[in-house]
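Visitor: Note that the sequence shown covers residues 26 to 302 in the numbering used here.
Glycine included, each C-beta is placed from N, C-alpha and C at the ideal position.
Just so it is clear, the structure is predicted and the values come from calculations on it, not from any experiment.
Dumping the structure here so I can ask a few things about it.
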Amino acid sequence: MEVRYSPDKNGFKKMTTDELRQSFLIESLFVKNEVPMVYSDIDRSITGSAVPAGKELTLTASKKEMAAEFFCERREVGVLNIGNKGKIILDGAEYTMNFRDALYIGRGTKEVKFLSDDPDKPAEFYFVSYPAHKEYPSKHIKYEDAIHRNLGSMESSNKRTIHQYILPEILPTCQLAMGLTELEEGCVWNTMPAHTHQRRSEVYMYFNLSEDDFVVHLIGDPKETRHLIIRDRQAVLSTSWSLHSGCGTRSYSFIWAMGGENQAFDDMDHIPMKELR
């Protein structure tokens with residue numbers, strides 16, 4: 026497990042491109058038959074993936090970073106499958122995971138295993154975890170059971186559908202909220218007008234990009250922004266004081282996950298467009 030430490034606002038302003046990427050960009054996800062993870066001091070999130078291609082993968086705790094006997098001893102996890110059909114086994118209970126299905130894994134779950142139905146066409150599980158103070162039941166949320174919200178417009182190049190999977194309206198969690206945003210063809214902007222939310226942090230994972238395409242992801246103070254070039258199946262960490270928005274070379278999708286003080290999806294500190302610099 027890789028450990029990341031985030032800078033404060035003053036330190037952030039002095040960082041080079043490489044330093045920004047090393048602090049906030051996660052490039053090492055979706056490696057076949059491995060479970061790469063990044064532990065961040067930003068709300069103690071853990072971001073990772075599992076691509077079981079011919080073998081069963083197990084989510085295990087890192088005792089050095091987590092001081093736990095098993096991963097969910099004091100944590101909850103949100104998982105979303107962006108690959109082919111697979112399965113997740115929680116303490117012997119089996120959940121069939123189709124493309125764009127999600128699974129909430131509650132605190133206290135001792136065994137988490139990932140499998141693919143076809144090793145040549147594996148499932149691609151992406152997950153984000155936050156500390157949990159209480160045990161809530163694990164729950165499978167199928168794509169058709171998510172809340173689907175249509176936002177934006179073609180005129181502003183941000184017509185998109187937000188699929189909300191893990192929110193209080195669907196199931197109880199300690200702090201985790203998670204969903205998927207898909208942009209319409211021809212639309213390239215996400216989360217614009219931009220916002221921050223001082224009460225929680227967020228992780229974005231971009232996908233559905235070709236090898237030559239990328240997203241210019243904006244981070245930092247709204248009046249002194251920086252950017253990261255993010256490619257397919259890479260994730261970016263966002264602090265509570267940083268805006269998070271992006272513009273791609275083509276339409277794309279991204280998974281968002283949040284943790285912090287509350288779970289109200291619309292609790293955002295909006296930034297007037299004229300104030301961005």
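#1: Would you kindly report the start and end of the unbroken beta strand (DSSP E) that includes L140?
#2: Which stretch, first to last residue, makes up the beta strand (DSSP E) that contains N35?
#3: Indicate whether W266 and K39 have their beta-carbon atoms separated by less than 8 angstroms.
#4: Mind checking which residues open and close the alpha helix (DSSP H) that includes K89?
#5: In chain order, what residues of the same chain lie with their CB nearer than 7 angstroms to the CB of I187, ignoring the 5 residues before and after it?
#6: Whole-angstrom Cβ separation of S74 and Y155, contact assumed at under 8 angstroms?
#7: Check each candidate in D257, Y229, P32, R125 and name the one with the smallest Cα separation from I71.
#8: Specify the secondary structure class of E169 as computed by DSSP and reduced to three states.
#9: Nearest-angstrom Cα distance between D294 and W214?
#10: My parser needs the beta strand (DSSP E) runs of 3 or more residues fully inside the segment 180-231; what are they?
#11: Considering only residues of the same chain and omitting the five flanking positions on each side of L301, which have a CB-CB separation below 7 angstroms?
#12: Compute the Euclidean distance between the alpha carbons of E227 and V240, then round it to the nearest angstrom.
#13: Bridge partners for N58 per DSSP, in chain order?
#14: At which residue ranges does the segment 71-123 contain complete beta strand (DSSP E) runs of 3 or more residues, listed in the order of the chain?
#15: Three-state secondary structure (DSSP) at S42?
#16: Going by the DSSP bridge assignment, what does I296 pair with across the sheet?
#17: What is the rounded straight-line gap between the Cα of G108 and the Cα of G36?
#18: Roughly how many angstroms separate the alpha carbons of A127 and E169, rounded to a whole number?
#19: Going by C-alpha distance, which of G284, L268, S235, I255 is nearest M298?
#20: Measuring CB to CB, does A148 end up less than 8 angstroms from P61?
#21: Going straight from the alpha carbon of D145 to that of P193, what length do you get?
#22: Is the beta carbon of L105 sitting closer than 8 angstroms to the one on V261?
#23: Pick out whichever of D142, E101, S141 has its Cα sitting closest to the Cα of I130.
Guide: A quick look at the data gives this:
#1: 137-141
#2: It is not in any beta strand (DSSP E) - N35 instead sits in the alpha helix (DSSP H) that spans 34-38.
#3: no
#4: 88-91
#5: R174, L176, G204, T206
#6: Not really, about 17 angstroms apart at Cβ, beyond 8 angstroms.
#7: Y229
#8: helix
#9: 18 angstroms
#10: 185-191, 202-208
#11: A219, P247, T250
#12: 17 angstroms
#13: According to DSSP, which records beta bridges pairwise, N58 is partnered with nothing at all.
#14: 71-75, 100-106, 111-115, 118-122
#15: Per the sequence presented here, residue 42 reads as Thr, with Ser not at that position. T42 falls in the helix class under three-state DSSP.
#16: In DSSP, I296 forms no bridge with anything.
#17: 38 angstroms
#18: Each residue's Cα considered, the two are about 11 angstroms apart.
#19: L268
#20: No, they are not a contact pair.
#21: 37 angstroms
#22: no
#23: E101
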